[in-house]
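The structure under discussion appears below in the form of structure tokens.
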Amino acid sequence: MERLPYEVVSTIFRKAILHYLVITGSTFPTSLAKNLNISKGLASSFLRLCSALNILKRERIGHKVVYSFTSKGLAILKRLAPEIFDPAFSNVFESLPYKKFSIKHYPLATLGFELKWKKDSMGGYTFSFYTSDKKLIGIVFRSYLGRWWCSICQSDKCKHIDYLNRLFEKIKDSDE
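Rendered as structure tokens:
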């Protein structure tokens, strides 16, 4: 019986499902299967297993079933598979269109990472991502011309830049 929680994180598909739940907060099995491009049976049976182990809670909204994390479930998963809480684990979703999952539900306080930014003398911005224990994850730059560069992904279009694009207007307004 004590081996059962380890089965929850035994494959990359199961970790991807749990990471998707961390990002979205809650999900329907059909939308999960559609967005991750996996079978409906795999999504439904895995979510029921997690619900039976009290990692997820199951609620009905009309005729649909919604799954979301319990606080006990989050504590178990942080111990068994801390990588699903790592923002870099989202590379699993690189093949998915960006609109399929929303960054606004990303529970930053739960993940324990910190974002700091500063404006440089040339009018650009430097954004730094830190873990909860103050280790630098990486840096994203925005020039005064509006060009972005992510040192984490070595790219000008990635999930970090998509996330920062949404935040940039708030940051720009607060600095002025």
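For the sequence shown, counting from 1, position 94 maps to 93 in numbering that gives the first Met the number 0; every step adds exactly one.
The C-beta atom is built at its ideal place from N, Cα and C for all residues, glycine as well.
Across which residues does DSSP place residue i in a beta bridge pair?
i: Tyr-66; result: Thr-26 and Arg-57
i: Thr-125; result: Lys-117 and Phe-140
i: Arg-152; result: A small fix is needed here, since residue 152 is Cys in this sequence, not Arg. Answer is none; Cys-152 lacks a bridge partner.
i: Leu-135; result: Tyr-129
Put residue i into one of helix, strand or coil per three-state DSSP.
i: Cys-49; result: helix
i: Ser-43; result: helix
i: Ile-11; result: helix
Could you say which of the options lies nearest to residue i if we only look at CA atoms?
i: Arg-59; options: Gly-145, Asp-119 and Ser-67; result: Ser-67
i: Ile-75; options: Trp-116, Asp-155 and Leu-52; result: Leu-52
i: Thr-69; options: Leu-79, His-62, Arg-78 and Leu-55; result: Leu-55
i: Pro-81; options: Trp-148, Thr-125 and Leu-17; result: Leu-17
i: Tyr-129; options: Trp-116, Lys-63, Ile-22 and Arg-141; result: Trp-116
i: Gln-153; options: Val-139, Asn-164, Gly-61 and Ser-38; result: Val-139
i: Gly-37; options: Ser-50, Tyr-19 and Ser-25; result: Residue identity check: residue 37 is Ile in the sequence provided, not Gly. For Ile-37, the nearest C-alpha among the options comes from Tyr-19.
i: Lys-158; options: Lys-63, Val-64, Glu-168 and Asp-85; result: Asp-85
i: Gly-145; options: His-62, Tyr-162, Gly-122 and Lys-134; result: Gly-122
i: Lys-225; options: Ser-50, Asn-34 and Ser-44; result: Residue 225 lies beyond the residue range present for the chain, which begins at 0 and ends at 175; the question has no answer from this structure.
i: Asp-119; options: Tyr-143, Ser-44 and Leu-73; result: Tyr-143
i: Gly-24; options: Lys-63, Leu-73, Phe-167 and Lys-33; result: Leu-73
i: Ile-185; options: Arg-141, Phe-167 and Gly-137; result: Past the edges of the chain, shown from 0 to 175, lies residue 185, and the structure says nothing about it.
Write down the C-beta distance between residue i and residue j rounded to the nearest angstrom, noting that I regard them as a contact closer than 8 Å.
i: Leu-41; j: Phe-12; result: 7 Å
i: Val-21; j: Lys-14; result: So it is not a contact: roughly 10 Å between Cβ atoms.
i: Leu-135; j: Phe-126; result: Contact doesn't hold; Cβ gap of about 12 Å is too wide.
i: Leu-242; j: Pro-28; result: Any question about residue 242 goes unanswered here, given that the chain covers just 0 to 175.
Please determine whether the Cβ atom of residue i lies at a distance below 7 Å from any heavy atom of the ligand MG.
i: Met-121; result: Because no ligand of any kind appears in the structure shown, any question about the ligand MG cannot be addressed here.
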